[in-house]
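The numbering of the sequence shown is the numbering used here, which starts it at 1378 and goes up by one.
Quick reminder that beta carbons are idealized off the backbone N, C-alpha and C, glycines included.
Everything numeric in this text was worked out from a predicted model, so none of it was measured.
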Amino acid sequence: MGFIFLAIFAIAEIALAVLTCVKLREKAAWLKNRALVRAAETVLMLGIIIVPATHMKWRFIFALVVLIIRLLIAGISFLVNRRKAEGTRKKWRSVVSCILSVLIMLFALAPAFMFTNYNGLPTTGEYTVAETAAILVDSSRLDPFETDGSYREVPAHFYYPENANGEFPLIVFSHGAFGYYQSNSSTYAELASHGYIVAALDHPHHAFFTKDTDGKTVIVDNGFIYDAMHIGGGDSASAEEIYSVSKEWIELRIADESFVIDSIIEAKKSGGLSDSWHADDEAIVLSVLKMTDTGKIGLIGHSLGGAAGVELGRVRDDIDAVIDLDGTALGEITDVKDGKFVGDSVSYPVPVLVFGHGEASDDGVTKEMVDNAKDGKLVLCPKANHMDFTDLSMLSPAISSMLSGQSGVDREEFMKNINSAVLNWFDHYLKNEGTLSIQEQY
């Protein structure tokens, strides 16, 4: 849509310049025509924003503001100068004005170029998907990123089958480093449409941004960014550094996820929300918890979130299945010897499905964990990049490529296949339905 508008805008500006140069060169005529062109451009942009087919409308707000300002300038200039404008407008001024206008609009439309009109993938289940949210405050833990003695807060966003009867398994999702709860919205929606309750978490200061109970925006911590970039920088970090830093990350996320799971179980048993819950709509949250089967729990996460889920599946005895979307199993590292990671020698206790991009898994620890699992499967995706396992690859292919390189897959088709495999895994192990049909590669 951004490119279409830019093309129309450029045509209008070029037409104005040509008309001025070859026919209506009088300054008064140019002032009038410029105001009319600016008005038409602004109305067109308003139309683009208003129509229901345009999603992510904020992509065009900056461009609209720029157009309104230019319209006001052109309109005021026409009203003030129309009677005293004399002579003809020089051709070079019209050409320069045209070029500058197109460049300004190119800049103003940058968000529209960076982000697509993506509005999720179609679901295949029988249920309509609804959403609600709550922030849970863990009064047993101080937030290590805060300096004012604040307790740790964990936002939980629930995706659930609307107007459904019965109980449905619980799936808890953990995003990657600098991610946020919506990173895999298509996955949550697909699961919820097939009868699952999905709790997608934000990990404050690990998430790119989130909100706290005061409504304040909490952005990613600078120290976390530095450590993550350092560790992810190839050979720049030693195995000892990776083990030490990642252990803290995993412990924090395990505590976040465990707290949310325990809070859901407690609320389900009591039939009410404790003071730790700060819900958008308490009645809706309670209705969602009422139909949550806390006896069947699955974990899934991307990148660091996948690594945390893997470790949580080992330390809790009520987890029934785990899926790791392209996350190195950092929690499985128990030691470092001679510069190499030592993995947990105890067999992994629950069914675990791991996806990895590229031709091979990132490290021996992950493969060792899968090989020693009760039921383990490693799926390689040789043409995919790291962000192809999230909706960002479809929402902003440009940002996805900048973060993790060029992709060799049809992003939408790839994500549909991943979501189908995720559903198949959880159906098999949480609902005892169907046979596993997950491919060796995607």
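For residue i, which option in the options has the closest C-alpha, if you only look at C-alpha atoms?
i: Tyr1536; options: Gly1556, His1734 and Val1575; result: Val1575
i: Ala1616; options: Asn1410, Ile1381, Asp1712 and Thr1419; result: Asp1712
i: His1582; options: Trp1626, Ser1563 and Ile1446; result: Trp1626
i: Ile1677; options: Lys1467, Leu1568, Phe1380 and Met1422; result: Leu1568
i: Val1699; options: Lys1645, Leu1689, Thr1705 and Ser1454; result: Leu1689
i: Asn1542; options: Met1668, Lys1754 and Ser1613; result: Met1668
i: Val1742; options: Lys1717, Gln1783 and Thr1397; result: Lys1717
i: Leu1707; options: Ile1391, Gly1720 and Ala1644; result: Gly1720
i: Ala1440; options: Val1457, Val1428, Lys1467 and Ala1487; result: Ala1487
i: Val1443; options: Thr1419, Arg1466 and Arg1460; result: Thr1419
i: Glu1503; options: Thr1493, Ile1438 and Glu1539; result: Glu1539
i: Thr1564; options: Val1786, Leu1807, Phe1382 and Lys1793; result: Lys1793
i: Val1731; options: Ser1778, Met1779, Gly1682 and Asp1694; result: Gly1682
i: Glu1508; options: Asn1599, Ile1638, Ile1446 and Ser1664; result: Ser1664
i: Asp1604; options: Tyr1620, Gly1753, Gly1735 and Met1779; result: Tyr1620
i: Gly1858; options: Ala1406, Gly1424 and Arg1466; result: Outside the shown range of the chain, which is 1378 to 1819, sits residue 1858, and nothing can be said about it.
i: Trp1469; options: Ala1485, Val1399 and Val1514; result: Val1399
i: Ile1727; options: Thr1705, Asp1695 and Leu1755; result: In the sequence under discussion, the amino acid at residue 1727 is Val, which differs from the Ile named in the question. For Val1727, the nearest C-alpha among the options comes from Asp1695.
i: His1580; options: Lys1593, Val1597 and Leu1456; result: Val1597
i: Tyr1806; options: Asp1697, Ser1527 and Ala1584; result: Asp1697
i: Ser1516; options: Asn1458, Phe1522 and Asp1652; result: Asp1652
Would residue i and residue j be called neighbours here (beta carbons separated by less than 8 angstroms)?
i: Ala1632; j: Arg1518; result: yes
i: Ala1510; j: Ala1533; result: yes
i: Ala1577; j: Phe1545; result: no
i: Met1822; j: Ala1775; result: What the structure shows of the chain is the stretch from 1378 to 1819, and residue 1822 is not part of that stretch, so it cannot be assessed.
i: Ser1474; j: Ala1416; result: no
i: His1763; j: Asp1703; result: yes
i: Ile1608; j: Glu1618; result: yes
i: Ser1570; j: Val1531; result: no
i: Tyr1495; j: Met1771; result: yes
i: Ala1566; j: Gly1497; result: yes
i: His1432; j: Asn1561; result: no
i: Lys1744; j: Tyr1725; result: no
i: Gly1733; j: Leu1757; result: yes
i: Val1436; j: Ala1489; result: In the sequence as presented, Val is not what sits at residue 1436; that position holds Arg. Yes, these two residues count as a Cβ contact at 8 angstroms.
i: Lys1754; j: Ile1815; result: yes
i: Ser1835; j: Thr1397; result: Beyond the ends of the chain as shown, which are 1378 and 1819, falls residue 1835; an answer cannot be given.
i: Glu1670; j: Leu1547; result: It should be pointed out that residue 1670 corresponds to Asp in this sequence rather than to Glu. Closer than 8 angstroms, so yes.
Taking the beta carbon of residue i as the centre, do at least 16 other beta carbons fall within 10 Å, making it buried, or is it exposed?
i: Val1687; result: buried
i: Leu1769; result: buried
i: Gly1556; result: buried
i: Tyr1573; result: buried
i: Glu1817; result: exposed
i: Lys1404; result: buried
i: Leu1477; result: exposed
i: Ala1660; result: exposed
i: Ala1412; result: buried
i: Ser1773; result: buried
i: Val1820; result: No answer is possible for residue 1820: it lies beyond the span of the chain, which begins at 1378 and ends at 1819.
i: Glu1709; result: buried
i: Arg1460; result: exposed
i: Trp1654; result: buried
i: Trp1802; result: buried
i: Lys1822; result: Summary: the structure shown does not reach residue 1822, with the chain confined to residues 1378 through 1819, and so no result is reported for it.
i: Ile1427; result: exposed
i: Glu1634; result: buried
i: Thr1465; result: exposed
i: Met1378; result: buried
i: Ser1777; result: buried
i: Ala1384; result: exposed
i: Phe1484; result: exposed
If you follow the beta strand (DSSP E) that residue i is in, where does it begin and where does it stop?
i: Ile1696; result: Ile1696 -> no beta strand (DSSP E), and no H or E assigned at all.
i: Lys1645; result: It is not in any beta strand (DSSP E) - Lys1645 instead sits in the alpha helix (DSSP H) that spans Ala1616 to Ser1647.
i: Glu1790; result: Where Glu1790 is concerned, there is no enclosing beta strand (DSSP E), although the alpha helix (DSSP H) it sits in stretches over Arg1788 to Leu1807.
i: Gly1675; result: Thr1669 to His1679
i: Pro1532; result: Tyr1528 to Pro1538
i: Ser1517; result: Val1506 to Leu1519
i: Ile1596; result: Thr1594 to Ile1596
i: Thr1711; result: Ile1710 to Lys1714
My understanding is that residue i touches residue j, with C-beta atoms under 8 angstroms, so please give their C-beta distance in whole angstroms.
i: Phe1386; j: Met1482; result: 5 angstroms
i: Ser1784; j: Asp1765; result: 5 angstroms
i: Ala1761; j: Val1786; result: 5 angstroms
i: Thr1590; j: Ile1512; result: 5 angstroms
Just curious, the alpha helix (DSSP H) that residue i is in, first and last residue?
i: Ser1551; result: No alpha helix (DSSP H) contains Ser1551, which is instead part of the beta strand (DSSP E) from Phe1545 to Ser1551.
i: Gly1379; result: Gly1379 to Val1399
i: Val1723; result: Neither: Val1723 is in no alpha helix (DSSP H) and is coded neither H nor E.
i: His1607; result: Asn1599 to Ile1608
i: Phe1484; result: Lys1468 to Ala1485
i: Phe1439; result: Ile1438 to Asn1458
i: Ile1426; result: Lys1404 to Ile1427
i: Ile1776; result: Pro1774 to Ser1781
i: Thr1743; result: Gly1741 to Asp1748
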